[in-house]
Every structure is written in C-alpha cells, then in structure tokens.
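Down below is the structure, laid out as structure tokens.
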DNA sequence: ATTACTGTACTATATACCTAACACAGTAGT
DNA sequence: ACTACTGTGTTAGGTATATAGTACAGTAAT
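Chains as they are written, first to last, in the working numbering: chain R, 1 to 119; chain P, 1001 to 1119.
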C-alpha cells in the first residue's frame, strides 16, 4: 500500500499510485477502475478526494467516467508505454538535477546506484 | 535561482536550497547567513517564510541565531560531508524506489542515466 | 543616545487541501 | 417500480501554507 508523504498533496500521491498500477497492467484485463467510494475505502481517504483523483486523471485523458456506470481506463495501446516513459523521464531529470546540485558527477551517481540499491 | 515547485511548501524548497549552498561551500569563508529580510528579497518571498526557514534549520542544528546579530552556520567540520551524504541517500532511495515501481531494473536505470543526462 | 541593523512575535487575510455529511442524477438488474 | 449501485455537486469545518503589516527586543557602530 501507499505510505503517505506529508510533503505532497494526498490526491497527487494517489494519482501517481494509480498511474503505477496502470503501467503495472492492473487494468489490462478489466479497464474499470474501483468506484470512487471503493477507492476511498481502499486508500483510507475521503470519497471527495478519490473523486478528485478521477477528475484529474480524466483531464489527463487517462480515463473516462460514465455517470451511473463507472470510471474506465482509456482504450489506447500506446498509453502504457508513453506513461512509463513520461514518468521515468520526469523522475530521472529531477534526480539528476538534484544530484548535480549536490556536486555528484554522472559516474559517481552510477557507482552509487551499483553499490546501494537492491533492485 | 530557485524555480518553485507547486507540489511542495515554499519554506521546504528554500531549506533544501540553503542546504545545497552549504554543501557547495557558499558559507565556508563567512558563516553568516543573509538576514531574514535580505533572504526574503533574494528569494522573492515573505520575511515570515524566511524566518521559518532559519527556525527549521536551527532545529536541525545546522545553524544558530543571535538576536540582533544574525544567523550563522554551525562550526562543524563533518557537517558538509554528512549533509551531502544524507541528502544524496534520500534522493537515491526515493528515485530507485519509484523507478522500481515503474518496472525498471537497476541495469536499465544505469543505461538510462548514461544515455540521458548531461552531467 | 541615536541610528541602523539584527531576530522574533503577533494579528489578519487568502488559498489549498482534506474530511464529513449530505443530496441528486444516471444506470443496471431484479 | 424497486433496489443498489455508479458519478457528481454542495456546504461546512479544520489545518497548513504564505503573504501583509506591524511591533518589539537585542546588538553594534557612530
């Protein structure tokens, strides 16, 4: 489950988590998202917040909502790869920029990754 | 200068920036920080916010304030290296965790860094 | 003492975020 | 029609963030 980070709005953290689930293929067989109320219970947050999550995701054209029916992942074959690339690039840019500000060179960063991470 | 990120409180962004400046050696010759009012002008923010920045930095024992005099970097030789390591580790952990969630392996990440970044 | 800086504290105002508690409209199965 | 789900909208209250404006106390140089 999501461990919340107080430095960022809840709804944005949930959005990021949903995107990860999309990339992970959680909705490849069934494109229907949990209802706003279900999602609220699952994440332990308020239904108003999950409604906002779906509203934002719909603005980003990642899903569409039908009143009385549900919210569904858009049918777009390229979407998952695009999303994965976009999110990774954003993470990478931010990470490299911050590490550069701390005085690390690219080689030092790579060494640190080889040593440190478990993945 | 700092380009602000709406996803995080201003005062935390300024704190991170000051820490980078400490690591960068900006205060190695003169340990006195700009006054709260000067810093506010420099960053284009409110003096109350810069006062909060120094208050938090003092809580983290990175500086101390003398009423009527100013705010000064603590005299601690190990501090810069410790700070650099702490911040880098935090960045690295967060980055690797997020990239792992997106399905990237360590080797893929390293390749991406070798290709992408400019540093 | 006066002046001009410091840090610090306070009130007020505005906004974003989050929760709570509803209400209403649309859809589908019975 | 009834029931039980959907999405959606509204009002209210609480907290955190940031600004604006003002005030006061401590320090140092003149």
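Beta carbons: idealized from backbone N, C-alpha and C, even for Gly. As the structure is a prediction and not an experimental result, all values here were calculated from the model.
Residue i at chain R interface by Cβ criterion, 8 angstroms
i	result
residue 1066(P)	no
Closest residue to residue i among the options (Cα-Cα distance)
i	options	result
residue 64(R)	84(R), 31(R), 81(R) and 43(R)	31(R)
residue 1096(P)	102(R), 61(R), 88(R) and 51(R)	88(R)
residue 55(R)	7(R), 85(R) and 12(R)	12(R)
residue 1073(P)	1014(P), 1018(P) and 1007(P)	1018(P)
residue 57(R)	22(R), 77(R) and 38(R)	22(R)
residue 1006(P)	9(R), 5(R) and 4(R)	9(R)
residue 116(R)	1015(P), 1090(P) and 1080(P)	1090(P)
residue 1027(P)	1066(P), 1062(P) and 1049(P)	1062(P)
residue 1075(P)	1029(P), 1108(P) and 1039(P)	1029(P)
residue 1066(P)	1046(P), 1100(P), 1093(P) and 1051(P)	1051(P)
residue 1081(P)	103(R), 25(R) and 86(R)	103(R)
residue 1016(P)	1113(P), 1101(P), 1044(P) and 1084(P)	1084(P)
residue 1024(P)	1093(P), 1079(P) and 1108(P)	1079(P)
residue 1100(P)	77(R), 108(R) and 113(R)	113(R)
Counted within 10 angstroms of its Cβ, other Cβ atoms place residue i as buried (16 or more) or exposed
i	result
residue 1042(P)	exposed
residue 71(R)	buried
residue 36(R)	buried
residue 69(R)	exposed
residue 59(R)	exposed
residue 1098(P)	buried
residue 105(R)	exposed
Beta carbon proximity, residue i to chain P, threshold 8 angstroms
i	result
residue 116(R)	yes
residue 15(R)	no
residue 45(R)	no
Three-state class that DSSP yields for residue i in the structure shown
i	result
residue 1066(P)	strand
residue 1072(P)	strand
residue 1082(P)	helix
residue 1013(P)	helix
Legend entry - Where the segment 1089-1107 of chain P meets chain R: residues whose CB sits under 7 angstroms from a CB there: Of all residues in the segment 1089-1107 of chain P, those with a C-beta nearer than 7 angstroms to a C-beta of chain R are 1091, 1092, 1095, 1096, 1098, 1099, 1100, 1101, 1102, 1103, 1104, 1105 and 1106, reading in chain order.
Legend entry - Residues of the segment 7-40 of chain R whose Cβ lies closer than 8 angstroms to any Cβ of chain P, in chain order: Cβ contacts with chain P come from 7, 8, 9, 12, 20, 23 and 24.
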